[in-house]
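Residue numbers (this note's numbering): 83 to 246.
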């Protein structure tokens, strides 16, 4: 961890560290420059810029404000994965995927007894799965959570980062 310098302490709280001005030329020059700007603002020599001088065309677009780049391959991959998962669920429930999708579009969902039978089928399949499968699921759970933990512990890289 970087230890803050006396200049940093002064800039954080100038009133508590007034004695620093006597020993530091750069901080003294900064205070004099800021005082000169304050006096010029009070006398009316400097006016604050009006909002009319800024145009929306001059400002850069943030990525979430309609930037040109779109990750279309990722969107198509996610849609294909969801479609594939739906097909697998229909097949495991004993329903043809075409009639299943047609029933969803028309609003005629699967009967409740078919859904319960599918859930029982998946549950019994998980109970009789080999031990290696259970170890794989448990190890994957631990690995993903370790990755999340490591990502949360890394230093942030954004607007809120200050360099000292």
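For each residue, glycine too, the CB sits at the ideal point set by N, CA and C.
No experiment lies behind these values; they were computed from the predicted model shown.
In this structure residue 113 touches residue 103 by the C-beta definition: roughly 6 Å separates them, less than 8 Å.
Exclusion of the five residues before and after residue 196 leaves 175, 176 and 177 as the residues of its chain whose Cβ lies within less than 8 Å of its Cβ. Taking residue 179 as the centre and dropping the five residues before and after it, the same chain places the C-beta of 169 and 172 closer than 6 Å to its C-beta, in chain order.
Straight through space, the alpha carbons of residue 106 and residue 91 are spaced by roughly 12 Å. Here DSSP, grouped into helix, strand and coil, assigns residue 219 to helix. Residue 164 has its alpha-carbon roughly 24 Å from the corresponding atom of residue 211.
In the three-state DSSP reduction, residue 108 falls in the helix class (H, G or I). Sequence-distant Cβ neighbours of residue 88 in its own chain, meaning closer than 6 Å and more than five residues away, are 102.
Secondary structure note for residue 91: its alpha helix (DSSP H) is the uninterrupted segment 88-94.
Residue 214 sits in a helix when the DSSP states are folded into three classes. For residue 99, the secondary structure class from DSSP, reduced to helix, strand or coil, is coil.
DSSP, reduced to helix, strand and coil, places residue 178 outside both helices and strands of the structure shown, so it counts as coil.
Our two residues, residue 235 and residue 188, have alpha carbons roughly 48 Å apart in a direct line.
Residue 227 and residue 215 have their C-alpha atoms some 18 Å from each other.
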